Amino acid sequence: MVGEGQGLHVVAKPIGPACNLNCEYCFYLEKQALFATDKKYRMSDKVLSAFITNYITSQPTPVVEFVWQGGEPTLLGIDFFKRVVDLQKPFVQTKTITNSLQTNGTLLTAEWCQFLKKHNFMVGISLDGPKEIHDRYRRTAKVTEPSTW
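Quick note on numbering: my numbering labels position 51 of the sequence shown as 48, and the sequence is numbered without any gaps.
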């Protein structure tokens, strides 16, 4: 039970285990076995809308923090996160809403960076150190087309 003044903290994984990298050390790769084999991991708009509405309205605190992780959440495309911001807008008069995005950074473009800055996303980029260390275990993965998510 949530105590008075304490909120819930949820990490959303709207793309499930899908990632464009195949890092040897990734703890999340083994989680693919928990998902259906059809590989349609993308969170639907219906689920996204319900998640955002229910998460915000269930918080007894004035600040609601959204944390978006994956796999690699940027595989969903920038339009997914534009939808996130749009769905959060009706609540900004009553709550302070923040968004954090954890990414490997490989798909970030100028457009992504402008969007993330405009909407005050806190961005965490996974780095493993200098290039020779960083690239040692981080390999590119074959990722299916977005239409299959």
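For each residue, glycine too, the CB sits at the ideal point set by N, CA and C.
Since the model is a prediction, treat every value here as computed from it, not as a measurement.
- Glu62 has Thr95 as its beta-bridge partners, per DSSP.
- Residue pairing from DSSP places Gly121 in a beta bridge opposite Gln99.
- For Phe78, the closest alpha carbon among the candidates Tyr38, Cys20, Trp109 is that of Trp109.
- Residue state for Val89 is assigned as coil, using DSSP reduced to three classes.
- Non-local C-beta neighbours of Leu84 in its own chain, meaning closer than 6 Å and more than five positions away in sequence, comprise Ser46, Ile49, ordered along the chain.
- Annotation: the continuous alpha helix (DSSP H) that includes Thr50 extends over 42 to 54.
- CA-to-CA, the gap between Leu72 and Cys16 works out to about 7 Å.
- In summary, Pro70 is buried, with 16 or more beta-carbon neighbours lying within 10 Å of its beta-carbon over all protein chains present.
- Rounded to the nearest whole angstrom, the CA to CA distance from Lys37 to Pro11 is 11 Å.
- Of Pro14, Val89, Val60, Cys23, the smallest CA-CA separation from Gln3 is found for Val60.
- Boundaries of the alpha helix (DSSP H) around Gln111: 107 to 115.
- Looking at Asp42, Trp65, Tyr52, the one whose alpha-carbon comes closest to that of Pro14 is Trp65.
- Taking 8 Å as the cut-off, the Cβ atoms of Thr100 and Val82 do not count as close.
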